[in-house]
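Residue numbers (the numbering used here): 782 to 1001.
Notes for the one structure printed next.
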């Protein structure tokens, strides 16, 4: 089971993702889409709309974590083999390079076009939008998310897989929840700038470290 440290790290990891240049500038746009940017609405309505959206988003991520753990457990012997460990290390290295903009990771254009056609219809529609946004992860989210999924698959722990991604999603949504509840605080958001690139590069180094974690048993 997940200890407090694991939950905290997953939450902080999600929070860091929200501060990257691919995610942070999208917060005002997301709030406009779900209707939480209206400065005349109440605190509870803004918070409710934001929570509904985040609940859909977090459910998608949690189910991805559960699936990774489930299928990982079924092929545990393969996962623990040297070939798979090496492959995972290579994946982490590639993901790390994506954080330094060597290439971009995102959902296929055809999938994004189809899913973007879903219309907002009340709380159910906002919940669906949250789930869909999880499938259309931006490049800054896709790399850390894929890295976490690979780690979960290697453990085969379904409880950890579900709740690690659930906590990660809520950590990533902290700015969205705060600004959605206090709509007037949108103008007080720190301006996007070079500091976001540093956050993304920090994630890149974390992914390189993860590659070393998987390859270390093979090289000593």
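From the three backbone atoms N, C-alpha and C, an ideal C-beta is built for every residue, glycine too.
- Task: Determine contact between the stretch 952-959 and the stretch 934-943, defined as no fewer than three beta-carbon pairs at a distance below 8 Å.
- Result: no
- Message: Quick check on the burial criterion: 16 or more other C-beta atoms within 10 angstroms. Buried or exposed for residue 925?
- Response: buried
- Rounded to whole angstroms, how far is the Cβ of residue 937 from the Cβ of residue 853, which I believe are closer than 8 Å? 5 Å
- Query: Got a sec? Which residues, its chain only, sit under 7 Å from residue 788 by beta carbon, not counting five neighbours each side?
  - Reply: 948
- Which residue from 812, 933, 939 and 786 puts its Cα closest to that of residue 955? 812
- Message: By the three-class DSSP mapping on this structure, what secondary structure does residue 828 have?
- Response: helix
- Own chain residues within Cβ distance below 6 Å of residue 892, not counting five before or after: Confidence is the limiting factor: at residue 892 the pLDDT is only 48, short of 50, which leaves the residue's position unreliable, though a coordinate-based value still follows. None.
- Query: Can the beta-carbon of residue 933 be found closer than 8 Å to that of residue 850?
  - Reply: yes
- Item | Cα-Cα separation between residue 869 and residue 951, rounded to whole angstroms | 26 Å
- State the CB to CB distance for the pair residue 910 and residue 829, rounded to an integer number of angstroms; the pair is presumed to be in contact (CB under 8 Å). Not quite, the Cβ-Cβ distance comes to about 14 Å (not below 8 Å), so this is no contact.
- Local conformation of residue 804 per DSSP, three classes: coil
- Do you know offhand how far residue 989's Cα is from residue 927's? 13 Å
- Query: residue 792 lies in the alpha helix (DSSP H); which residues open and close that run?
  - Reply: 785-799
- Residue interval of the alpha helix (DSSP H) (run including residue 1026): With the chain covering 782 to 1001 only, the question about residue 1026 has no answer from this structure.
- Task: Helix, strand or coil for residue 911, going by three-state DSSP, please let me know.
- Result: helix
- Query: Around the Cβ of residue 871, are there at least 16 other Cβ atoms within 10 angstroms (buried) or fewer (exposed)?
  - Reply: exposed
- What's the C-alpha gap between residue 848 and residue 939? 8 Å
- Message: Give me, in chain order, the residues of the same chain whose beta-carbon lies closer than 7 Å to that of residue 808; leave out the 5 immediate sequence neighbours on both sides.
- Response: 956, 957 and 960
- Contact belief for residue 873 with residue 991 at Cβ below 8 Å, rounded distance in angstroms: 5 Å
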